[in-house]
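Numbering (full-length UniProt numbering), first residue to last: 1 to 720.
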């Protein structure tokens with residue numbers, strides 16, 4: 001039984017017909033309860049002297065629309081016409097708005113057409129509701145068509161209309177069109193609001209125009225009294241910095257948002273977590289994750305996955321697994337992205353067995369592996385150098401009907417080439433073409449660079465020709481790989497031509513490209529061009545590394561420019577670029593040419609911390625070099641360092657040392673070193689014992705002659 005307030009009953013007992021409306025209106029406006037209002041409305045209709053009214057039907061339609069009861073609202077619309085109540089503009093607009101909120105854009109258009117047939121001209125509100133219905137459904141074409149029709153009918157668009165159209169472009173992933181529309185909007189002197197700027201910033205980020213997005217944000221910040229940035233604005237800019245790999249700037253925007261009194265939401269925290277995760281900054285990611293919870297927010301699947309990914313990128317798969325388990329414990333079910341991130345964490349750490357086991361675990365969890373899972377595992381196989389596992393993973397993808405995409409093929413081809421299996425890589429590439437999976441620039445860069453590493457230079461250039469035939473845009477990486485191929489073949493003119501084309505196309509050479517060209521000039525004996533190229537590299541803000549610096553040092557030494565080598569050494573020290581094996585050797589060589597023994601000694605002193613990482617061959621070269629220069633003390637000092645640093649000191653090292661000692665007639669030190677060899681378990685050769693005898697005879701040291709003869713006889717007996 002329906003109970004009405006006494007005030008309503010009193011007014012009903014009055015008997016006045018107008019109080020029927022008042023009773024229903026009062027119930028609707030006071031309680032806002034749809035169910036209560038429906039009961040009141042039915043009760044009214046059951047009265048003998050009930051008379052249908054437009055305003056009551058309008059109120060009921062609006063109330064149903066507010067509660068997303070679209071079908072009921074539409075039923076009332078038809079019912080009121082049966083009672084000969086003529087809908088007015090407000091009624092039509094309410095019904096259109098209800099369909100717009102429900103995403104039923106076709107119904108919204110049909111109702112507007114009915115409105116026009118009823119000789120009720122659509123208002124700006126009407127058009128905005130219909131355009132919003134189309135835009136919410138991603139039908140940007142229809143939304144734009146209605147906007148033009150609106151203008152043609154003399155109803156000019158306002159800011160709300162423009163925002164709705166921009167939203168339609170955004171929802172339809174037409175980001176470039178949204179940016180172009182915004183420019184037209186500005187020319188019509190319609191001042192944008194925060195909502196407008198947020199859409200434009202979002203679209204700029206989506207098309208990769210991060211700089212423009214950041215400039216708009218700065219403009220908003222300067223005019224915060226007109227269009228103050230909100231949480232959506234700050235989060236969009238944070239995401240922009242995150243994509244660009246600028247974690248520090250991302251954190252700065254986050255701090256700015258908090259300082260301005262804008263409370264970050266879960267999306268904001270996730271953007272910051274994503275920025276840290278991309279760099280493997282697990283400590284910062286964990287602090288952000290804790291802060292998120294401290295501020296009363298519940299971590300979602302994105303939060304957990306980002307933290308997991310941060311540990312994975314920092315080579316801590318076990319920590320990543322702990323986060324994964326915690327996610328489950330807190331009733332946050334992992335999805336494909338979470339599993340793939342954990343697979344990548346294990347794969348990157350070389351734990352292929354654990355990575356593969358996750359494939360079966362996710363299936364037991366009711367989640368089917370996808371092509372990303374397969375791609376991640378294929379890449380892991382290359383890292384773990386297990387070619388048989390690549391075949392097994394490809395077979396697993398086939399048995400699960402997972403169609404490989406371009407990324408997956410690239411991963412498989414790259415793994416085969418990294419393991420030196422050129423034929424298998426070629427087979428997979430052929431399969432890719434047969435199945436009409438379009439190769440991209442990454443595919444050809446993998447093929448070209450991989451072929452070069454295997455010494456298949458002609459084949460690498462054939463792949464480049466295939467790429468050109470398919471009219472695939474050349475990237476910086478492809479240019480660099482092709483240049484390396486030409487350099488390896490000694491084709492300097494072709495390498496120079498490609499290098500020029502690269503710069504003309506707007507692809508700025510990176511450190512790898514410059515290294516290849518400097519190496520080419522070094523091999524050609526053109527130290528001047530190598531030096532000029534290094535200066536160009538520096539002026540273009542390309543940070544040199546130890547490899548390019550040591551390559552230039554070699555070119556300079558070959559061109560008799562030792563002073564420039566030492567100049568380059570000082571440059572490396574200023575830029576905190578660590579010396580590699582080649583750099584050490586070239587610097588000592590230049591010191592020898594200049595007789596700069598003090599600098600050479602300082603360099604040898606620096607070898608203490610890096611001796612274990614320098615190859616025996618390089619150290620032997622250094623020993624031999626010092627010996628030939630007559631720097632016996634420095635040679636012996638380096639040898640002592642090699643022994644104490646646990647470097648592998650074998651027969652070859654001792655041979656270098658003995659030969660140089662004998663050249664300067666230090667036969668007693670020679671015999672001492674022979675004794676060190678025996679104590680270290682390295683057996684001297686017969687030639688080593690025999691070589692020192694003439695020097696001993698010359699000094700008439702018969703005791704040592706006898707000793708050496710005994711050693712020689714003992715060695716001969718062992719041989720026989």
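We put the CB at the ideal spot given by N, CA and C, even for glycine.
Since this is a predicted model, take the numbers as computed values, not measurements.
Start-to-end residues for the alpha helix (DSSP H) that takes in residue i
{"i": "residue 246", "result": "Element bounds for residue 246: n/a, residue is neither H nor E."}
{"i": "residue 303", "result": "301-313"}
{"i": "residue 495", "result": "492-504"}
{"i": "residue 523", "result": "511-523"}
{"i": "residue 376", "result": "371-384"}
{"i": "residue 684", "result": "No alpha helix (DSSP H) holds residue 684; DSSP gives it neither H nor E."}
{"i": "residue 633", "result": "632-644"}
{"i": "residue 50", "result": "That residue, residue 50, is in no alpha helix (DSSP H); it is neither H nor E in DSSP."}
Burial state of residue i (16 or more Cβ within 10 Å)
{"i": "residue 10", "result": "Low confidence applies to residue 10: its pLDDT is 37, below 50, so where it sits in the model is not reliable, and the reading given next is rough at best. It counts as exposed."}
{"i": "residue 23", "result": "No answer about residue 23 holds up, because its pLDDT of 48 lies below 50 and its placement is not dependable."}
{"i": "residue 2", "result": "With a pLDDT of only 44 at residue 2, under the threshold of 50, the placement of this residue in the model should not be trusted; the figure read from the coordinates follows. By the neighbour-count rule (16 or more Cβ atoms within 10 Å), residue 2 is not buried but exposed."}
{"i": "residue 370", "result": "buried"}
{"i": "residue 687", "result": "exposed"}
{"i": "residue 184", "result": "exposed"}
{"i": "residue 473", "result": "exposed"}
{"i": "residue 360", "result": "exposed"}
{"i": "residue 519", "result": "buried"}
{"i": "residue 726", "result": "No information on residue 726 is available, as it lies outside the stretch 1 to 720 that the chain covers here."}
{"i": "residue 651", "result": "exposed"}
{"i": "residue 151", "result": "exposed"}
{"i": "residue 83", "result": "exposed"}
{"i": "residue 627", "result": "buried"}
{"i": "residue 116", "result": "exposed"}
{"i": "residue 74", "result": "buried"}
{"i": "residue 65", "result": "buried"}
{"i": "residue 553", "result": "buried"}
{"i": "residue 344", "result": "buried"}
{"i": "residue 656", "result": "buried"}
Residue i vs residue j beta-carbon contact at 8 Å
{"i": "residue 202", "j": "residue 223", "result": "no"}
{"i": "residue 59", "j": "residue 76", "result": "no"}
{"i": "residue 277", "j": "residue 309", "result": "yes"}
{"i": "residue 638", "j": "residue 622", "result": "yes"}
{"i": "residue 126", "j": "residue 175", "result": "no"}
{"i": "residue 382", "j": "residue 348", "result": "no"}
{"i": "residue 165", "j": "residue 138", "result": "no"}
{"i": "residue 313", "j": "residue 279", "result": "yes"}
{"i": "residue 63", "j": "residue 37", "result": "yes"}
{"i": "residue 338", "j": "residue 304", "result": "yes"}
{"i": "residue 378", "j": "residue 412", "result": "yes"}
{"i": "residue 192", "j": "residue 227", "result": "yes"}
{"i": "residue 450", "j": "residue 417", "result": "yes"}
Spatial neighbours of residue i in its chain, beta-carbon cut-off 7 Å, leaving aside the 5 residues before and after
{"i": "residue 709", "result": "none"}
{"i": "residue 690", "result": "712"}
{"i": "residue 407", "result": "375"}
{"i": "residue 512", "result": "480"}
{"i": "residue 569", "result": "587"}
{"i": "residue 618", "result": "581 and 585"}
{"i": "residue 68", "result": "101 and 102"}
{"i": "residue 112", "result": "96, 122, 126 and 130"}
{"i": "residue 320", "result": "308, 311, 312, 342 and 345"}
{"i": "residue 514", "result": "533, 537, 542 and 548"}
{"i": "residue 206", "result": "175"}
Own chain, CB closer than 8 Å to residue i, minus 5 neighbours either side, in chain order
{"i": "residue 300", "result": "266, 270 and 332"}
{"i": "residue 630", "result": "664"}
{"i": "residue 478", "result": "441, 444, 445, 448, 464 and 467"}
Close beta carbons around residue i, own chain, < 6 Å, minus the five adjacent residues each side
{"i": "residue 692", "result": "667 and 670"}
{"i": "residue 275", "result": "242, 247 and 250"}
{"i": "residue 564", "result": "556"}
{"i": "residue 235", "result": "267, 268 and 271"}
{"i": "residue 132", "result": "100 and 164"}
{"i": "residue 140", "result": "168, 169, 172 and 174"}
{"i": "residue 340", "result": "372, 373 and 376"}
Along the chain, which unbroken stretches of the alpha helix (DSSP H) at least 4 residues long are found entirely within the UniProt repeat "PPR" (193-227)?
194-206 and 210-222
Quick check for students: name the residue ranges of the alpha helix (DSSP H) that lie wholly in the UniProt repeat "PPR" (158-192), counting only runs of 4 or more.
159-171 and 175-187
Fully enclosed by the UniProt repeat "PPR" (405-439), which alpha helix (DSSP H) runs are 4 residues long or longer?
406-418 and 422-434
Starting from the N-terminal side, write out each stretch of the alpha helix (DSSP H) that is 4 residues or longer and does not extend beyond the segment 79-160.
Taking only runs of at least 4 residues, the alpha helix (DSSP H) segments lying wholly in the segment 79-160 are 89-101, 105-117, 124-136 and 140-152.
Whole runs of the alpha helix (DSSP H) within the UniProt repeat "PPR" (335-369), excluding any shorter than 4 residues
336-348 and 352-364
Which ranges does the beta strand (DSSP E) cover as unbroken runs of at least 3 residues, wholly within the UniProt repeat "PPR" (440-474), from first to last along the chain?
none
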